[in-house]
Each structure stands twice: as structure tokens, then as C-alpha cells.
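Peer 1: The following block contains the structure, expressed as C-alpha cells.
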Amino acid sequence: MNNLMNVNMDSVINKLRNTVTTVTSTVSQLSVVLPGNPVTREFEVTQHIGSGGPGLMWKIYSGYKKSTKQEAAIFVFEKKQLEKWSRKDRDNMIETLKKGVSQLTRLRHPRILTVQHPLEESRDSLAFATEPVFASLATVMGCFDNMPQPIDPELKHYSLHPIEIKLGLLQVCEGITFLHGAKILHGNVCPESIIINQQGAWKIFGLDFSLTSTSGGAEAKWTPKEFDYEAQPVSQQNLDFLAPEYVKVTCSAASDMYSLGMLLYAAFNDGKSLYINCGSWQIYKQNIEKLHDLMDSRLGAAPPEMRTFIRNLLSHNPLHRPDSHEFSKLEALHDEGVKTLNYLDSLFQWDNLQKSKFYKGLSDILPTLPQRVRVHRVVPCLAQEFVNPSMVPFVLPNVLKIAEWASPEEYVKHVLPHLRDVMKLREPVQVLFIFMKNMELLLQKTPPDITKSDVLPLIYGSLESDSVQVQELCLAIIPGFAGLIDYPAMKNSLLPRIRKLCLTTPSLSVRVNCLVCLGKILDHLDKWLVIDVVLPFLTEIPSRESAVIMGIIGIYKLAVNHKKLGVTKEIIATKILPFVFPLTIENGLTTQQFSTVMSFVYDLVQKVEAEHKVKLEELGAITREKEQMKAEINSQSGFGINDNLSKSSSATDIFGDFNPYGSSSSNSTNNAVASPKVSNDVSQSVASNASRSPYSSRSPAQNTTKDLTSTLMESNLRQMHSQQSTTSRMTTSMSMPMGVASMPPQQMTMMNSYYPSANNNLNSYPSKFGASNVPRSQTTMNMNSGPPMGMMNPRLSTMNHQQQSDSNTKILSKQDIDEFLR
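Each residue of the sequence shown is one higher than the last, beginning at 1 in the UniProt record's numbering.
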């Protein structure tokens with residue numbers, strides 16, 4: 001996945017880099033070509049997209065008007081292309097180009113290229129702006145002269161569909177008819193002088209060699225110039241499409257029809273005319289003589305139904321050629337697709353009834369049209385009807401059908417901008433119907449940001465509509481695309497509206513459909529959304545019709561049995577069962593429905609029983625395990641403690657002197673884990689070692705002599721305390737040196753900070769006690785430095801059975817105790 005993301009990111013970055021490079025190159029080129037040209041003040045160029053005109057010397061750039069951001073095409077002629085020409089040829093060529101643009105600017109017709117900004121001349125260039133264009137017909141047919149490299153793949157592999165050719169030729173014929181009506185002879189009808197705009201329409205351009213009739217009569221007459229053998233071929237008409245009568249320096253309206261016939265043949269022959277003259281007048285004269293014996297078989301590239309008509313158009317005799325009206329009525333050019341496109345261009349002349357009939361039949365014609373025509377020609381025409389709400393229900397299905405066939409790029413660029421305005425409509429109600437039926441398509445192809453801002457509000461608007469039919473349709477189709485709706489929109493927008501509709505609608509069918517819709521989209525919801533939003537509102541539904549009850553039971557059953565949702569037994573026992581069980585006594589239920597509800601109740605009870613039984617068994621096992629561990633600890637605490645006392649009594653005495661509450665507290669703690677009986681030998685050893693302690697010179701704490709009664713009472717109290725100690729107290733006393741376990745928290749903190757090893761093994765003392773020079777059985781704890789200020793100075797003792805006790809310490813003998821007891 002990461003590799004795929006990296007590859008996609010690299011391709012996006014490369015594409016962006018190429019785009020930036022192209023734009024930068026274009027801007028840098030124009031900065032050299034158009035310095036000071038007034039066109040640059042009003043228009044911004046973006047990309048070099050083609051070339052056209054005589055010899056394809058006009059470079060065509062896409063761009064836009066700076067003030068309005070309106071798209072445009074900028075035509076630029078660079079005078080440096082004529083640097084190698086003679087001065088006379090240069091001047092003649094520039095005058096010819098200027099004449100053609102001037103003539104084009106004066107003409108206004110749908111089939112004539114529209115000029116947005118007139119010709120402007122600077123020292124280095126000529127430039128003017130027109131409506132947005134795609135390319136010249138010559139470029140589309142594969143002639144890439146005067147084009148940037150590499151060629152755009154879309155343009156390089158562009159292929160004209162027969163419908164596009166037929167419709168384009170009819171459009172050119174319509175333009176020629178207009179020119180002839182204005183007594184203008186084009187004089188150079190060829191692929192270089194035809195421009196295809198962004199909608200795919202063919203428009204006449206290149207009026208550089210046009211002639212205007214000066215005769216005052218009804219019939220126009222034109223007189224052409226003689227062919228200049230010494231002039232550059234580019235500065236004269238394209239001989240491959242020039243009528244034979246120009247050899248005799250005559251011309252007529254039929255001359256343009258000859259050129260149109262040759263263009264018709266070339267359109268079906270990959271842009272190549274019947275004869276290739278290479279700009280040579282001599283070759284041209286030889287080839288036109290062959291027209292006398294032209295046979296239909298020589299026109300094999302053209303469709304069979306057109307060959308005879310083409311042969312008539314290419315007749316050597318102008319009188320035998322069909323005129324523009326006959327050309328426009330040629331049956332072979334008027335197939336069903338061409339008629340449809342022609343109707344679209346004239347729809348503004350029809351009334352709503354005629355339009356509605358046409359739009360109903362359009363859905364059958366659209367599959368026969370190429371997608372390029374559908375996107376660039378049909379959609380713009382249909383979108384013009386969106387301003388008329390009453391016609392939207394007839395137009396919208398066709399637009400959405402084209403959107404279904406469109407690529408994501410085509411949809412976003414050419415279809416979606418028109419649909420966004422229609423998505424805001426709520427009347428007529430059929431508009432919502434159509435959108436609801438195509439909602440999955442819209443969600444799949446529409447970018448997420450536009451989906452949130454325009455598409456999802458359609459669903460919300462349908463749920464809030466006053467039409468029951470729209471509400472039911474919306475509820476029926478929501479499950480089909482629920483997976484395409486993101487979580488926030490589902491939680492915060494869609495579910496609240498379904499809930500509101502279900503609770504407030506007076507229609508039983510709508511309420512039932514709300515429940516059915518919820519049941520179908522449970523798969524797309526998470527556990528907490530179901531528990532927090534869906535299940536609680538089921539209890540708020542006001543009606544108790546049998547259909548509603550069964551819908552509620554269905555949702556509960558799905559939620560309980562769904563593996564992902566996993567409704568817990570606590571919710572079942574406290575929320576679901578208390579609500580569901582009363583539903584069983586509703587009188588509106590049939591016998592079968594009652595059985596279904598009761599069966600569900602039994603299932604809920606069994607589920608709670610099974611799950612809670614398992615939990616109780618687990619809790620019982622844990623309790624028994626705890627009791628067993630407690631018993632084991634108690635049994636272990638009664639054995640081995642007395643032995644430990646004899647081994648660690650010296651350590652206990654050492655730490656016991658830290659008790660600020662006196663010896664009784666320390667003794668009480670020691671006796672909580674050991675027998676209160678201490679032998680005389682041990683007492684004597686402790687006293688003897690104390691007298692030899694290196695700390696004896698530091699004024700140790702004074703011993704207090706106790707009577708026998710106090711000693712016996714303390715012994716009894718220690719025994720009682722030992723029996724009442726808890727397991728945790730015993731464990732603590734066993735894990736710590738005797739005398740330390742009974743310390744208050746304040747003294748324990750001081751003890752840990754001053755004796756960090758106090759919790760270690762009772763026979764292992766910290767190195768600062770200096771026990772290395774004493775045998776293990778006679779370990780003496782020495783302090784290198786005194787305790788902190790305010791801390792009690794401990795009296796360290798060492799057991800030694802061979803030393804006598806201090807003379808100030810009185811040791812009770814067995815005889816003394818017996819006498820006291822008597």
C-alpha cells in the first residue's frame with residue numbers, strides 16, 4: 001500500500017512539474033514574443049494548444065481575460081518566422097494576415113469564429129483573441145507544424161468520429177452559405193482555415209484570401225489574383241484544395257464548393273486530399289486534368305453513399321457542382337445522430353411541449369453518439385434548459401446518463417458544474433426523484449467537498465420533503481449507498497433526520513420504512529452509534545401498530561445478534577427487555593407476530609442467563625483462588641518464624657533502638673512474629689556485646705529497669721497481639737528486619753534514607769556498618785558518621801554467648817519468675 005501511494009504521489013508530482021514547466025515555457029515564450037503588444041494587457045495566456053491559418057503560422061494559446069476571468073484563445077503570429085523572406089514577401093504576408101483577421105472581426109455568425117479582441121500589432125508580432133478553441137482541423141488531422149514538443153497525447157491520438165465529421169462539414173457549409181449571402185468568397189477552404197472550438201463545433205477561420213464582390217447586381221462576381229510563381233507557397237492558397245478554375249484566373253461560389261468537396265474527402269482520408277501538390281503550381285495543373293476522368297472507385301476512402309456526391313463536387317466544370325443548399329440536404333450527412341445534434345442547436349426556437357418530446361427520445365440516441373460529442377456538445381445544450389424548472393425533469397435524466405459514461409475528469413470538469421445549480425432545486429418534486437435514483441452515481445463520482453456541500457443536502461432535503469413518495473424513495477435507496485457516507489455525516493446529519501421523520505410523520509408507511517432503512521444500514525454503523533443513538537430512540541416511537549412493532553423487533557434482533565455491534569447483557573437486561581416484553585401483549589399482533597416477539601424475548605433471556613452464568617462462575621473461581629492463597633499464606637506464617645528469630649535477633653535489637661516510643665513498642669512488634677520467650681543466654685550475649693560496642697562512648701540511651709509484673713504483662717500483650725495480626729502485617733514483618741516493621745511512617749522514611757539496605761537479608765548489613773572485621777555470628781554494625789541532626793542515635797548490639805552482660809542490667813532467672821508466680 002505504501003509503495004502504491006508513493007507511486008501515485010510521484011506521478012502527481014511529475015504531472016504537476018510538467019504542467020508548471022509547460023506554463024513557465026509558454027509564459028517565457030510570450031514574454032519574448034509579445035513585449036508591448038496591447039493584447040497582453042487584457043489577456044493572460046496559459047498553454048500553447050495548437051496552430052492554424054496559412055502554413056499554420058498562427059500559434060494558438062489558451063488563456064483568459066484578466067478582468068473577467070473569461071476563457072479565451074490568443075492567436076499570435078511571430079514576425080521572426082519571415083526573417084529569411086525577402087522584404088516584399090514579408091510585407092505581402094503580413095498584409096494578407098492582417099486582412100484576414102480584419103475580415104473575421106467584422107463578421108458575426110454562429111459558424112464564424114468569434115473575435116473577442118481585435119488584431120494588435122507590435123514590432124515583433126501580431127495578436128488577437130477569440131472564443132475558447134480546441135485546435136485547428138489541420139492539427140486534429142495530424143499536422144503538428146509550429147507546435148510545442150512533445151505533442152499533447154490527447155491531441156496526438158485524436159480521432160474524428162463520423163458523426164463529428166458529418167456535423168462539422170454541415171456547419172462549414174452553413175458558414176459558407178452565410179459568406180456567399182454576404183457576397184464574400186472564402187477562397188481557401190482547407191483544414192488550416194477551420195477551427196474547432198471547445199464544444200467541438202467547426203468554425204470558419206482564415207479569411208486571408210477571401211474576396212468581396214463589388215458588383216451591384218443580384219449575382220455576385222469575384223476576380224481572383226493571378227498565381228505568383230515567385231512568391232512563397234505559404235503566402236498563397238493551399239493548392240491541394242484549390243478549384244481548377246483558378247488556373248484560368250476565374251472563380252465563383254462553386255469554387256468554394258469544390259474546396260468543400262475536397263475537404264469532405266480529406267476528412268475521411270486522414271486529412272489528405274485527393275491529390276498532393278506539395279505547393280507546386282506545375283504539379284497542381286497536372287493533377288486537376290485528372291478530374292475529367294474521376295471515378296467513384298478513386299474515392300475509396302469516403303463512405304460509399306457519399307462517393308457520387310463527392311465526385312460531383314470535384315467536377316472540373318463548376319456548373320456541375322452542387323451548391324451549398326444541396327450539400328446541406330445530402331441524406332448521407334443527416335443520420336440520426338447528426339439530426340439530434342442539429343436539433344439541439346435550434347432548441348431555443350421550440351416551445352416546451354416540443355422540447356419535452358425531444359428530450360424523452362434523446363435517451364435512445366445518446367448511446368450512438370461518441371462520448372466526446374456527448375460531453376462537449378450535448379451537455380452544454382441541455383444545461384441551457386436548467387434555468388427553466390419545468391423542463392428540468394425532462395433534461396436531467398439525460399445529463400445524468402452522460403455523467404455515468406463520463407470519466408472522473410470529464411464529470412468534474414464538464415458535467416458537475418451544471419448539476420450543482422440543479423441540486424439546489426426542491427420543486428418540481430420530480431427533480432428529487434431523479435436525483436434519488438442516481439444518488440449512488442453522484443456519491444461515487446463527486447469529490448468529497450462537493451458531496452458534503454451539495455449532494456448530501458439532496459438527501460436531507462428529500463427526508464424533509466412534504467411528499468410521502470419522495471420520503472419513501474429516499475429511505476428505500478439510502479441503504480444502497482450508506483457505505484459511501486462518511487461517519488460524521490451519518491451521525492450528525494442523516495440519522496437525526498431519519499429519527500425525526502420516524503417520530504413525527506403521520507404516515508405509517510413512512511415510519512415503517514424508517515425502521516426498515518435503519519435495520520439495513522446497521523452494518524455501516526459502529527457499536528457506540530447504535531447503542532447511543534439508534535436503540536434509545538426506538539423506545540420513543542409513539543405508535544404501536546403491528547408493523548411498527550415488528551420493525552422495532554427486527555432492529556433489536558439485528559443489533560443483538562450482530563457480531564460487530566455486540567450489545568451487552570447489561571443493555572439487554574436493563575434497556576431492551578423492559579421495553580420489549582410489554583410489546584407482547586399488544587392486541588394488534590397476529591398469532592405469528594406474537595410468536596416471533598415471544599421467541600425473541602426467550603432468546604434475550606437465554607442470552608442474559610448464559611452470559612451472566614459464565615460471569616458468575618468466573619467470579620466464584622476468582623474468590624476461591626483468593627481464599628486458597630490466603631489460607632496458604634496463613635499456614636506459612638506459623639512455621640519457621642521462631643528459627644528466624646534466633647538467627648536475626650541481633651538485627652532486630654539493632655533496629656529496635658530506633659523506636660522513639662520506648663522499648664515496649666519495639667518488643668511488641670518483635671513478639672508479633674516470634675515467641676515472647678527469650679533465653680538468659682541471649683540476653684546476656686546482647687548485654688555483653690552492647691558493652692563492647694564502639695558506640696558505647698557516645699552516651700547511648702539509658703536502659704530502664706522494669707519489674708517482673710510489667711515484664712509478664714508485656715509478654716501477655718505481645719501474645720495477644722501476635723494472634724490478632726493480619727496476613728498483610730505478618731507478611732510485612734517477615735520481609736523486613738524485626739524492629740523496622742513496627743516503626744511509624746515518619747521513622748520508616750528516616751530509616752530508609754539513612755540505612756538503604758535495611759530491607760535486605762537480616763544477616764547482610766550495609767557496608768557502612770563496618771562488619772567486615774567481625775565473624776558472621778558476631779557481626780558488629782559500625783557507623784562511619786553519626787545520624788542526621790534530630791535523629792535518635794541507635795544502640796548497636798552484637799550477640800556473644802561468651803561475654804557477660806552489663807553490670808547495670810538485671811537478668812531475670814527462672815527462679816525469680818517462679819517466686820513471683822507463687
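Each residue gets a CB set at the ideal place from its N, CA and C atoms; glycine is no exception.
1) How far does the alpha helix (DSSP H) with THR96 in it extend, from its first residue to its last?
2) Which residues mark the beginning and the end of the beta strand (DSSP E) in which PHE43 is found?
3) Could you check how far apart the C-beta atoms of THR294 and ARG311 are, in whole angstroms? I think they sit under 8 Å.
4) Thinking just about the alpha-carbon of each residue, which of SER635, PRO389 and PRO380 is nearest to the one in PRO417?
5) Tell me the DSSP secondary structure of PHE528 in three-state form.
6) Please specify which runs of the beta strand (DSSP E), each continuous and at least 3 residues long, are wholly inside the region 111-188, giving them in chain order.
7) Going by Cα to Cα distance, which pick from GLU570, VAL601 and SER273 is closest to HIS612?
8) Along the chain, where does the alpha helix (DSSP H) that runs through GLY63 open and close?
9) Tell me whether THR568 sits in a helix, a strand or coil according to DSSP, three-state version.
10) Given that a residue counts as buried once 16 or more other Cβ atoms are within 10 Å of its Cβ, and exposed if not, what is ASN188?
11) Could you check where the alpha helix (DSSP H) with VAL560 kicks off and where it finishes?
12) Per DSSP, what kind of secondary structure is LEU369 in: helix, strand or coil?
13) What is the DSSP secondary structure of ASN197, reduced to helix, strand or coil?
14) In terms of alpha-carbon separation, which member of ASN352, LYS221, PRO582 and LEU169 lies closest to TRP202?
15) Determine the direct distance from the alpha carbon of GLY142 to that of SER273, and round the result to whole angstroms.
16) Within 7 Å of any Cβ in chain B, is that where the Cβ of VAL140 sits?
17) Looking at the unbroken alpha helix (DSSP H) that takes in LYS445, where does it start and where does it end?
18) Let me know the secondary structure DSSP gives ALA332 once reduced to three states.
19) Can you give the Cα-Cα distance for ILE450 and PRO389, rounded to whole angstroms?
20) How many angstroms separate the CA atom of VAL392 from the CA atom of ALA129?
21) In whole angstroms, what separates the C-alpha of SER663 from that of ILE622?
22) Is the number of C-beta pairs between the region 479-491 and the region 506-515 that are closer than 8 Å three or more?
23) Going by DSSP in three states, LEU211 sits in which element: helix, strand or coil?
24) Where do the N-terminal and C-terminal ends of the beta strand (DSSP E) with ILE204 fall, by residue?
25) Which of the three DSSP states is assigned to MET781 in this structure?
26) Should PRO54 go down as buried or exposed, given a rule of 16 or more other Cβ atoms within 10 Å for buried?
27) Measure the C-alpha to C-alpha separation of GLU83 and PHE77 and round it to an integer number of angstroms.
28) In chain order, what are the residue ranges of uninterrupted alpha helix (DSSP H) at least 4 long that sit wholly in the region 494-529?
29) Check whether the region 421-431 and the region 461-469 touch, using three or more Cβ-Cβ pairs below 8 Å as the test.
30) Using C-beta distances below 7 Å, list every residue in its chain close to TYR158, excluding the 5 sequence neighbours before and after it, in chain order.
31) If you run the structure through DSSP and keep just helix, strand and coil, what is ALA73?
32) Let me know if GLN471 comes out buried or exposed under the rule of 16 or more other beta-carbons within 10 Å of its beta-carbon.
33) By alpha-carbon positions, which one of GLU131, LYS88 and ASP296 ends up nearest to ARG108?
34) Report the rounded CA-to-CA distance for MET629 versus GLN636, giving the unit in angstroms.
35) Enumerate in chain order the residues of its own chain whose CB-to-CB distance from LYS360 is below 7 Å, with the five nearest sequence positions on each side excluded.
36) Check each candidate in ASP523, ALA267 and ALA135 and name the one with the smallest Cα separation from LEU558.
Peer 2: Taking the coordinates as given:
1) Where THR96 is concerned, the enclosing alpha helix (DSSP H) stretches over 87-106.
2) Under the DSSP assignment, PHE43 falls in the beta strand (DSSP E) whose first and last residues are 43-52.
3) A small fix is needed here, since residue 294 is Leu in this sequence, not Thr. A Cβ-Cβ distance of about 6 Å is found for the pair LEU294 and ARG311, placing them in contact under the 8 Å criterion.
4) Closest by alpha carbon: PRO380.
5) According to the sequence displayed, residue 528 carries Trp and not Phe. The answer is helix: DSSP assigns TRP528 an H, G or I state.
6) Complete beta strand (DSSP E) runs here, min 3: 115-121, 125-130 and 133-136.
7) When the alpha-carbon of HIS612 is set against those of GLU570, VAL601 and SER273, the nearest one is in GLU570.
8) It is not in any alpha helix (DSSP H) - GLY63 instead sits in the beta strand (DSSP E) that spans 58-65.
9) Three-state DSSP puts THR568 in coil, outside helix and strand.
10) Buried, since its Cβ has 16 or more Cβ neighbours within 10 Å.
11) For VAL560, the enclosing alpha helix (DSSP H) has its first and last residue at 546-561.
12) The answer is coil: DSSP assigns LEU369 none of H, G, I, E or B.
13) Strand, per DSSP.
14) When only C-alpha atoms are compared, the closest one is LEU169.
15) Roughly 13 Å separates the two Cα atoms.
16) The structure shown has no chain B; it contains just one protein chain.
17) Counting along the chain, the alpha helix (DSSP H) containing LYS445 begins and ends at 439-445.
18) ALA332 falls in the helix class under three-state DSSP.
19) Going by the C-alpha atoms only, they are around 22 Å apart.
20) Each residue's alpha carbon lies about 35 Å from the other.
21) Note on SER663: pLDDT 40, under 50, position unreliable in the model; no value is reported.
22) The answer is no - the region 506-515 does not touch the region 479-491, with fewer than three Cβ pairs under 8 Å.
23) If DSSP states are grouped into helix, strand and coil, LEU211 belongs with the strands.
24) Where ILE204 is concerned, the enclosing beta strand (DSSP E) stretches over 202-204.
25) Residue placement at MET781 is poorly supported in this model, since its pLDDT is 38, which falls under 50; the coordinates are not used for a value here.
26) So PRO54 counts as buried.
27) Computed Cα separation, rounded: 13 Å.
28) Considered as a whole, the region 494-529 harbours 495-504 and 508-521 as its complete alpha helix (DSSP H) runs of no fewer than 4 residues, in chain order.
29) The answer is yes - the region 461-469 touches the region 421-431, with three or more Cβ pairs under 8 Å.
30) Hits under 7 Å: VAL140.
31) Correct three-state label for ALA73: strand.
32) The residue is buried, with at least 16 neighbouring Cβ atoms inside 10 Å.
33) In this structure, GLU131 is the residue among GLU131, LYS88 and ASP296 with its C-alpha nearest to the C-alpha of ARG108.
34) Their backbone Cα atoms lie some 11 Å apart in a straight line.
35) Hits under 7 Å: PHE394.
36) Nearest C-alpha to LEU558: ASP523.
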